[in-house]
Every structure is written in structure tokens, then in C-alpha cells.
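Per my numbering, the first sequence starts with residue 168, numbered consecutively.
A short write-up of the structure that comes next.
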Amino acid sequence: MKLQFIPLDYEPFDYNGRNYIKVVGRNEKGKKICIIDSCDVYFWAILKEDAPEKRIKKIMEEINNIKIKKDSRESKVLKTELHDKNYLGKPVKAIKIFITNYKDAHDVADKIDFKEVEKRREYDLDFIAKYILERKLKPLVWHEIEGEILNNSTEFGGIDASMDIDCIKVEKIKELKEQAKFTPKILAYDIETQEIEIGKGNILMISLVGENFKKVLTWKGEPNENYVEKLKDEEAMLKKFVKYVKKYAPDVLTGYFSDGFDLPYLRARAEENQIKLNLGIDNSQPVFSRGNMLTGKIRGIVHIDLMRFIKIAYSQYLQSETLSLNEVSSELLGEKKLDFNPWNAIKSGKPDWNEFFKYNLQDSVLTYKMAEKIWPDLLEFTRIIQEPLFNISRDSMSAQVENYIIHNLEKFNEIAEKRPHYDEIGIRRNREKYVGAFVFQPTPGLYEDICFFDFSSMYASVIVSYNLSLSTKTEDKKDSYESDFNGKKVYFSKKIGFFPEMLKQIIEKRRHFKEEHKKSSDPILKARSNAFKLIANAAYGYQGFFGARYYCLEAAAATAYFARENIKKAIKEFEDEGFKIINSDTDSVAIELGNKTRKQALEVQKKINDNLPGIMELDLEGFFKRGIWVTKRTGEFGAKKKYALIDENDKLKIRGFETVRRDWCKLARDVQNKVLNLILKEGNEKRALEYVKEIIKKIKNREIELKDLIIKTQLKKPIEEYKSEGPHVAIAKKMREKEIPVDIGMLIEYYISEGESKKSLIRERAKLPDEKGKYDINYYLKNQILPAVDNILEVFKVNINEIMDGKKQMCLGDF
DNA sequence: GGTCCTGCGTTACC
DNA sequence: ACCGGTAACGCAGGACC
Numbered sequence: 168m169k170l171q172f173i174p175l176d177y178e179p180f181d182y183n184g185r186n187y188i189k190v191v192g193r194n195e196k197g198k199k200i201c202i203i204d205s206c207d208v209y210f211w212a213i214l215k216e217d218a219p220e221k222r223i224k225k226i227m228e229e230i231n232n233i234k235i236k237k238d239s240r241e242s243k244v245l246k247t248e249l250h251d252k253n254y255l256g257k258p259v260k261a262i263k264i265f266i267t268n269y270k271d272a273h274d275v276a277d278k279i280d281f282k283e284v285e286k287r288r289e290y291d292l293d294f295i296a297k298y299i300l301e302r303k304l305k306p307l308v309w310h311e312i313e314g315e316i317l318n319n320s321t322e323f324g325g326i327d328a329s330m331d332i333d334c335i336k337v338e339k340i341k342e343l344k345e346q347a348k349f350t351p352k353i354l355a356y357d358i359e360t361q362e363i364e365i366g367k368g369n370i371l372m373i374s375l376v377g378e379n380f381k382k383v384l385t386w387k388g389e390p391n392e393n394y395v396e397k398l399k400d401e402e403a404m405l406k407k408f409v410k411y412v413k414k415y416a417p418d419v420l421t422g423y424f425s426d427g428f429d430l431p432y433l434r435a436r437a438e439e440n441q442i443k444l445n446l447g448i449d450n451s452q453p454v455f456s457r458g459n460m461l462t463g464k465i466r467g468i469v470h471i472d473l474m475r476f477i478k479i480a481y482s483q484y485l486q487s488e489t490l491s492l493n494e495v496s497s498e499l500l501g502e503k504k505l506d507f508n509p510w511n512a513i514k515s516g517k518p519d520w521n522e523f524f525k526y527n528l529q530d531s532v533l534t535y536k537m538a539e540k541i542w543p544d545l546l547e548f549t550r551i552i553q554e555p556l557f558n559i560s561r562d563s564m565s566a567q568v569e570n571y572i573i574h575n576l577e578k579f580n581e582i583a584e585k586r587p588h589y590d591e592i593g594i595r596r597n598r599e600k601y602v603g604a605f606v607f608q609p610t611p612g613l614y615e616d617i618c619f620f621d622f623s624s625m626y627a628s629v630i631v632s633y634n635l636s637l638s639t640k641t642e643d644k645k646d647s648y649e650s651d652f653n654g655k656k657v658y659f660s661k662k663i664g665f666f667p668e669m670l671k672q673i674i675e676k677r678r679h680f681k682e683e684h685k686k687s688s689d690p691i692l693k694a695r696s697n698a699f700k701l702i703a704n705a706a707y708g709y710q711g712f713f714g715a716r717y718y719c720l721e722a723a724a725a726t727a728y729f730a731r732e733n734i735k736k737a738i739k740e741f742e743d744e745g746f747k748i749i750n751s752d753t754d755s756v757a758i759e760l761g762n763k764t765r766k767q768a769l770e771v772q773k774k775i776n777d778n779l780p781g782i783m784e785l786d787l788e789g790f791f792k793r794g795i796w797v798t799k800r801t802g803e804f805g806a807k808k809k810y811a812l813i814d815e816n817d818k819l820k821i822r823g824f825e826t827v828r829r830d831w832c833k834l835a836r837d838v839q840n841k842v843l844n845l846i847l848k849e850g851n852e853k854r855a856l857e858y859v860k861e862i863i864k865k866i867k868n869r870e871i872e873l874k875d876l877i878i879k880t881q882l883k884k885p886i887e888e889y890k891s892e893g894p895h896v897a898i899a900k901k902m903r904e905k906e907i908p909v910d911i912g913m914l915i916e917y918y919i920s921e922g923e924s925k926k927s928l929i930r931e932r933a934k935l936p937d938e939k940g941k942y943d944i945n946y947y948l949k950n951q952i953l954p955a956v957d958n959i960l961e962v963f964k965v966n967i968n969e970i971m972d973g974k975k976q977m978c979l980g981d982f
């Protein structure tokens, strides 16, 4: 039979000692099906250059006889072939060794011990990746499949009988030229529990939200809405949950922090109730893996913890200070969680159950809507990197870069480099640091008419333009780029390597799809352009990452080196043409127009661009009406990485200031923001000063609400490990005493109260938000408000210190 | 008992 | 353990007078 098929989930299995794979996806009619397939399993023995032909033949014969006996499985070499390949950019002769089971690849590789064999490679590749490469059945891409349906067949031990859906044994696979739109069936879920610790208390309710589908399952309260279904106990509720998930048959089951909470909790409660959480398409239970970080896998359904993907692909664009569902959904959707405190409700012993149900449902509604919104990004990441959706939604950016490389090596006839071993990682992690970016020392002051330029994807374009990678590093000084690594000269060949070449294509695609998106504003094109951008930007970090297959610290150092050279050159160009440099950080230059025109500035930009190497490009970020740079708190120098700009539409761009730092109280941040606004919008420092004085008065009169004085600091490690005990650590201790749950990663909230003696430490005066006490007027004036506005007003020669004390009126002459 | 300096710790920028 | 270096700055803690 012939059908169209889009793969969603890949699951390898063994049968008679051989490797097979079940791929669950949908056909063109939207029916969920499973295809069964297999592929060659092999790895490489790379030969030394001088290996004589006769010996190679002999070696191949010997390899052909390798057999491994392990547990109940017998594994052997099926055949060998001699190929011309590339390894790290150099042509090599390599023996392709076909084996019966990939799980034994490592053991077989260990048996290949000939002096003519230089290296053994690709025995550490993941089977799913290998399968996708070999059979070209790409995730979330439509294919035409030819095969035979298994109908209660005894093949594979009667695999089709154990599955809820049709199984097809595949013969031919062909990617379709016309790609129809694919909209996944998404089901979102969320649970409410008695305790925070996994499995400790009961699950009180479970909500489910899909398309035209909403449900709250519970065994508590007296429901007054018909979407709430009351079961007799927790066990019945869990069974019903499984039943509904199976009936809905989603492609994607998604929760928010569900890897770390919802799914393991469900699993634990199922165990406690002695029932099976058989959500899998073959009625298997979720499988949890990956050491520290839990990940929950459900066969045949792609379980996605939305929070993890948002953290990977979105967090750098988000303003949210935490990745909590409430904050992220209100930023992405403009919609919030319901105002209801589940822990207080539980503690009270008499929760308003109907409010609780609504609250529970809303969490799934938000999760569902966000999943829909983020789907284009998941889709495009998956299609570009060609790893299963399950991995795409969880992998770190360095893993995404590496997977992209692995799935694109074929074009270069390259054999993949191996993953570093444990001891190698240890060495890499202890390596010396290298010099990073150049940061300009700004002069404090208020500036008018500012032009802001920046290099587009600078580090990525440096890697491409100077050909910086592991395989292009060379001892040969001729025809190469010379860079510096902590005083040592390092060279990179000018003959383009596969890593820079791949990156070049990524950048080109990013530029292409960015243009395409401008024309059509299709969200898919935006997601595609964004995915290429993120991969490009992660390429630099990847080469310096200790876990990378293509780790090359010299390349990472050279990237920073050539970036410094180019930014400094650009700065010099602007200076030589008579522009004053205001700021520069890594890849950007801000200049003051002064008595020159925008046109003149753009001419310099063009001149710079004409002389830039390779694909490097200096873009105009924009024009700004005004901008402010301040001094460091200590010393007379201008502070780096702290400035505020206002564009022609009166939109502020604030960097580094307390306004954007979450470890300052809201009042200080708001006041600073207002002051920056007044100064930048109207150039009115007098109004700003008046405003600050009003606030000071309010603080002194205790007219400020406590919630605006709460300071939030993250607990980054276990309480015991702190060498120096800051206020947030002291509060964390206090919380633990009060049996309030404290976890690593939590934002600890506190305010500073008046102490008995003035000299006591700040941590001794720190109190929990609901602890009774008077806020310390002096602390909030001197440690929060003053530091937030002092440096800004100083630019106008206003000494706020004196105003605070009320000793002397301002220094502004005309005040 | 106060001042100064240093290191820890967090968060930002790019 | 899951990308890099550069930088500001509060607070604690100890040296020093």
C-alpha cells in the first residue's frame, strides 16, 4: 500500500537481536499510524595514510569475523566495505563496518585493534539520528511511504496486536515535494496536588484542554460546572485521565514544567494506587530518564514540557523575570493565571473547590494557547535540525548545533568526530580562559542625535569569514589567517572547512527567510528565520563548549580576537571621519552626529562595509534622539553596559540600569524608570528632581506600600554551600525553619526592616513579606532610591545626597 | 569602633 | 553539566588603624 506520512515520534526496538524502529505519525487523512522500519547499522575504522592495500584486505577479513556475546544477545560484523571519506576535512581511507546491533558498536569497535587503524568513529551516534540519516525519514516532514500493513501478523512477535493503531512495514520512503500544512493535535494538562514534593500527597484534580475540549477531573468538592467530572477517588480519577488522553489521541501532550512535576507526580500516584499509567500507544507507562534533569517520555505521543523549550528558544527575547507560567503567559498571550492561591486554600482545610477547578482549568488553557503559539518554532527547529520533536523541545542550544552538524555531514562526505570522554571533559573544563570582547569606556553625559550600528550575527560571521574551526586549524602559516590565543599565534587555513561552510549556509538562509518574512509576514517564515539565527548565534559558544564533538578553544578565542579587531577598526573609521564615539560593546558602535549629517554617517558605514572581510556586515540599528551614560558608583569613570536611549518614537531602550535588574525593589526601579523618562523625553531634569523629592517625602512619611519595597533574589545553590550569608540566604534559612518549601532556583522575597541597633547587619534586618515590621526608611533611601537616581542626576550636577538629608537645597543654580 | 579592601554572589550586556 | 567572556555593584567579612 501507498500512503502519505508525517513522522512525530521515533522509538527503536530490538527483534531477534537486530535493530528496528517504530515511527508514530499521521497519514494524509489525519489517522495516527505506526510504521516499522530498519536501517543499516555501521561505524568506521579510519586507516592510517600509509596502510598497504594488502594489509587492508587482511584487516577487513579479520573484522568480518568479529563476534560479540553479551547477555542474551549475540552480535557480529555483517560485512565491511572500503570507502574514500573525509575526516576533519582531510581525505582518508576508511573501512565501513556493518554490524547486527548498534548497542554493541562500542564493543565491536574495542575489538578493532590494528596498528594500521588510526581511529574508530561513529560508534557513539544515536540510533534514531542514524536512522533518520540513513532512511531520510525526516521528522515533521511529509513523505510518501510504500509498505505492507501488518494484520495480526506474527512478524516482530505480533507487534501490531499490542498497539492501538495500524502498523505498516515500510519498503520505500520518498520525501514529498509539496508539503501540506500540518496542524498537530495538542492536548494540554495540569495537576493540582496536596503537597509539593513529588508523590507525597494526593492529586486533587487534573485539567485537560484541547481543541473544543476541556475537562477537569477530580474526586473533591461539589462541581457546579459540567466540564468538571467528579470521580469516586484518586484511583478512579487517574484511570479516567488515561482514558481521556487515549480517546483524544493527541500528537502532543504538553504541560508547563511537566517533566519536573506533573508527569512524575502522576506516575508516583499511579504507583501508590497500584494502577498502570499506561498512556503509551503500546500501553506502556511513561519512561523517565536523563540523570539530574527528569524527562518524561510517552510512546507514540510527544510529551513536551513547554517551559523547557521556552527557556531554550524564547527566554532571551522575554522580558519576564522568571519563567513562571503566569509571567510568561501574560507576556506571550496577554493572559494570566486566575487569582487564587492553591496552597492557602489547601492549608485552610476548606477550599472553595469550584474556584479551585476554574483555576486548574485556566492553567491548562494557558498552556494550550502557548503551545499553539510556539508551535511554528517547534516545527521549524525540528525540520531544520532533523531530530525528533521530543529532543528538539529539550536539547540545549549546543546540542542543537551539534545535531545540525551531524545531520549535514553527508554533503561533505565527513565521518563524525566522537563525543569527548569523561576525562577529556575534565581537562577541557579546567582549561585556561581567553580574552573576550572589547568594551568601550564611555564618558558620562547626555548625548543628542545618536547613530547606533551593529554587526549582524557578528561572531557567526567572523567564524565564517576567517574560517575558524577544528578542521581548519593548521600549523601552516601560508595561506592562513593568523590569530592570537593568550599570546600564542594560532593559524586557520583559508581553504573553507565544513563547519564554517555549514554556518555560512545557515546565515544565508537566515537572511533569506528574514527577507521572505518581510514580504509575507507568515509566522512559519519568522520561526524559520529565527531558528537559523539562534543556531548561528550558538555556533560560537559551541566551539568553546567542553562537551562538543567539534570543540576548538583556539577557534573560540580567535573568534573573539577577530571580532575585537573589526570593531576597533570600525571605531577608528568613524573617529577618522570626525565622529565622536559614545559607546561600543562587542559588536556595536554608537556615535554622536554632532555637526554632521545622517547621510555622512551612513557613508562611513558603507565604507566600512566595503572593506569588511567575507560575509561580515555592519548594520544600522537605528537613530536615537537622546541618550544618557553615567559614572560608575565608585570612581570617576563612565560605567560600561549601563545606558538609556530614546528613539524617534519616544521608545526607551534601557540597558544595565537598576530598572532592568530584578534584584532591586520595585519602587527603586519605577523611580529610576520615571526619572530616565523625564530626562530623555523632555530633557527635563527639574521635573525629575521634583519627582524624586516627592518619593523621598513619601518614604519618610511611610506612605509607600510594602509590596513596592520587596527585594527578590534568587537562591542559586543549597543553603549550606554559601560561604557568605547574604540577606536572601538568611531569609531562605528562616523559611526552612517555618517549613515553607525552599528550593534551589527560587526567588527569595524579603524587605529590610528597622533594626534594634543601627549597626546590625542587613541580613539581620531582612524580613519575609508577611512578617510584621516597619520598613527601614534609611535603608530604602540610602540603599535603594539614592543609588538608583544619584548617577543620573549627577550628569546634571545635582547632588541628591544633600537633598536626601534635607540639609541643603539643590545645587542647580536656577532652582 | 570605625574605615578600607577584597571576595562572594547575583544579575546584567552582548 | 548541557554555549562564551565582560562588567557593575551590594553585602559580608576580615585587615588595619
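Built from N, CA and C at the ideal position, the CB exists for glycine as well.
Item	Value
Residue from 280, 555, 679 and 403 with nearest C-alpha to residue 307	555
For residue 384, the three-state DSSP class (helix, strand or coil)	strand
Residue 1030, enclosing alpha helix (DSSP H) - first and last residue	Shown here, the chain extends from 168 to 982; a query on residue 1030 therefore has no answer.
Separation of residue 966 from residue 957, as counted between CA atoms	7 Å
Nearest-angstrom beta carbon gap, residue 262 and residue 249 [assumed within contact, 8 Å]	6 Å
For residue 563, the first and last residue of its enclosing beta strand (DSSP E)	Counting along the chain, residue 563 falls outside any beta strand (DSSP E), and DSSP gives it neither H nor E.
With 16 other Cβ atoms within 10 Å as the buried cut-off, status of residue 804	exposed
Residue 654 burial status per 10 Å Cβ neighbour count (16 or more: buried)	exposed
Backbone secondary structure at residue 714 - three-state DSSP	coil
Alpha carbon of residue 591 to alpha carbon of residue 637, nearest angstrom	16 Å
Closest by C-alpha distance to residue 379, when choosing among 394, 586, 577 and 633	394
Residue 872 versus residue 494 - alpha carbon distance	22 Å
For residue 847 and residue 882, believed in contact at Cβ under 8 Å, the rounded distance	35 Å between Cβ atoms; not a contact.
Coarse secondary structure for residue 895, derived from DSSP in three states	helix
Selection from 388, 463, 858 and 352 that minimises the alpha carbon distance to residue 414	352
Neighbour-count burial assignment, residue 331, 16 or more Cβ in a 10 Å radius	exposed
Length of the line joining the Cα atoms of residue 722 and residue 304	34 Å
Which residues DSSP lists as bridging residue 916, in chain order	879
Boundaries of the alpha helix (DSSP H) in which residue 512 is found, first to last residue	509-515
Whole-angstrom distance between residue 437 and residue 443, CA atom to CA atom	6 Å
First and last residue of the uninterrupted alpha helix (DSSP H) at residue 438	429-439
Cβ pair count under 8 Å reaching 3, the segment 615-624 against the segment 742-761	yes
Secondary structure of residue 933, DSSP reduced to three states	strand
According to DSSP, residues forming a beta bridge with residue 286	213
Short Cβ contact (8 Å threshold) for residue 533 with residue 502	yes
Sheet register partners of residue 460 (DSSP bridge)	None; residue 460 has no bridge partner.
Span separating the alpha-carbon of residue 455 from that of residue 337	29 Å
Residue of 777, 578 and 425 minimising C-alpha distance to residue 463	425
Which of helix, strand or coil DSSP assigns to residue 975	Because residue 975 carries a pLDDT of 39, less than 50, the predicted location of this residue cannot be relied on, and the following value inherits that uncertainty. Three-state DSSP puts residue 975 in coil, outside helix and strand.
Inter-residue spacing [alpha-carbon to alpha-carbon] between residue 126 and residue 745	Past the edges of the chain, shown from 168 to 982, lies residue 126, and the structure says nothing about it.
Assigned exposure category for residue 597 - 16 Cβ within 10 Å defines buried	exposed
In chain order, each alpha helix (DSSP H) run of at least 4 residues that lies wholly inside the segment 229-281	272-278
Beta-ladder partner(s) of residue 523, from DSSP	Answer is none; residue 523 lacks a bridge partner.
Burial state of residue 192 (16 or more Cβ within 10 Å)	buried
Same chain, Cβ closer than 8 Å to residue 586, neighbours up to 5 away in sequence not counted	291, 714 and 716
Whether residue 407 touches residue 396 by CB criterion (8 Å)	yes
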